[in-house]
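Below you'll find the structure, written out as structure tokens, and then a few comments.
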Amino acid sequence: MRTSMLLTVAALVGIVLAHPHPHQDPPQPEVTEDARLKANDVRILNRPINRASNADSLNTTTWNPPSSMVSALEEVWTETLKRRPNGHGAFDKNREFIPKLMANYHRTGAGKINYCVAMSNERNVTALERANMKSGLQRVMQEWVDTLVGFEGFPITNVDLDVVSYAVTHRSQVQGDTTGLDIFTTSEVDNEGTTKCDPRCYRDNLKSSQDGETTCPGGEKNMFDMELRLAQWPMNILGFGAEWGQAFRPWFIFRHTDDDMLWTLRHEMGHSFGLIDFGTDTVPTGQENFVMRGHRAAYITEFDAWMLRDWWMKLKAHNGW
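With mature numbering (1 follows the signal peptide of the UniProt record, and there is no 0) applied, the sequence shown covers -18 to -1, 1 to 303.
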């Protein structure tokens, strides 16, 4: 499976999201997982944030961002083209969320995203953990989609997110009732000790999404659009986000599916929508705290929403949707 990763960048009091640049982050203090999360929660949640869900500017259904964001949004697009291969190759990524959502919408008439979860080969997952994880994915996915509902012809209102398969070393790792669930067993693992989802079931282009063609052994019902990879990384890495999906340490995604630490999933899903990272050297004019600037916001902000709206408009024009 070919992937082109948009890796998360940020560092704060020992919590680090995966960094795409070649330099080495400074050593971090040895602290426990809970201490890291507690310290980080306080810093993020105490920041005043204009949440997208409360922003009056998002009530408009046409392009009319706040005047204070116009220059910043232009800067974001310029930076996006710098980071994408071959400039306008920005439009060649058919594996990201919006192209997948639109392909599934045109094929089925509904907004639908299927996930495969690739498990660490040392980890079991209980029925409750599976349910909570799916709920967290659904919740955050819908939060992002809510920023687009009714805007410039975006046709989807609700997203039906389902976890249709697991990739594990042993079937016994997936506990509880597994009726209707595709469990792919494999001894093949990556460098982080994580199994790999069945590549035959990955909906990796618009053609297979639109016409239902599949080589997946379980057929169309077992095809997946995105992956959630649960990897045993070093303590200072929380997650990745890319066109193929998201990746986290297992303890994090299972422990924080219904609390304010979902900011990390919001950030990583933003990458899977196509939004880029912002560090200290690429802060858009007048914008300091937003979820795509790692460790700066716990929730999707008004600025995050207008970045995604801008991205939708450009994709819509390019693809003729």
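Yeah, the Cβ is synthetic: ideal placement off N, Cα and C, and Gly gets one too.
Check the Cα spacing between Asn103 and each of Glu225, Pro199, Val150, Pro232: the tightest is with Val150. The alpha-carbon separation between Arg121 and Leu143 amounts to approximately 9 Å. DSSP places Thr167 within a strand segment (E or B) once states are collapsed to three. About 20 Å separates the CB atoms of Arg33 and Thr239; that is not less than 8 Å, and the two are not in contact. The Cβ atoms of Arg77 and Asp186 sit closer than 8 Å to each other. Under the three-state reduction of DSSP, Asn36 is assigned to helix.
Bounds of the alpha helix (DSSP H) holding Val52 are 49 to 65.
DSSP, read as helix, strand or coil, puts Arg231 in coil. In the three-state DSSP reduction, Val273 falls in the coil class, being neither helix nor strand.
Where Asp144 is concerned, the enclosing beta strand (DSSP E) starts and stops at 141 to 150.
In the three-state reduction of the DSSP assignment, Thr283 falls in the strand class. Residue pairing by DSSP places Cys98 opposite Ser147, Glu209 in a beta bridge.
Looking at the DSSP output, Val156 bridges to Val107. When secondary structure is reduced to three states using DSSP, Thr239 falls in the coil class, being assigned neither helix nor strand. Distance between Trp288 and Thr129, taken at the CA atoms: about 8 Å. Around the CB of Thr60, fewer than 16 other CB atoms lie within 10 Å, so the residue is classed as exposed. Gln269 and Ala54 have their C-alpha atoms some 7 Å from each other. Glu134 and Leu83 have their C-alpha atoms spaced approximately 16 Å apart. A direct Cα-to-Cα measurement between Phe285 and Arg153 gives close to 43 Å.
If you look at Pro81, you'll find it in the alpha helix (DSSP H) that goes 79 to 90. With the rule of 3 Cβ pairs closer than 8 Å, the region 254 to 262 does not count as touching the region 95 to 102. Here the alpha carbon of Asn41 sits roughly 39 Å from the alpha carbon of Leu163. A distance below 8 Å between beta-carbons, with the five flanking residues on each side excluded, links Trp245 to the following residues of its chain, in chain order: Ile26, Val273, Ala279, Ala280, Tyr281.
In this structure, the beta-carbon distance from Trp293 to Gly252 does not fall below 8 Å. Collapsing the DSSP output to three states places Gly135 in coil. Judged by DSSP secondary structure, Thr246 falls within the alpha helix (DSSP H) whose first and last residues are 245 to 255. Here Gly93 carries a strand assignment [DSSP, helix/strand/coil]. Setting aside the 5 residues that flank it on each side, Pro137 is surrounded in the same chain by Tyr87, each with a C-beta closer than 7 Å to its C-beta; the list follows chain order.
Straight-line measurement puts the Cα of Glu56 at about 9 Å from the Cα of Pro266.
Here Ala109 is actually not in contact with Gln155; their C-beta atoms are around 12 Å apart, not less than 8 Å.
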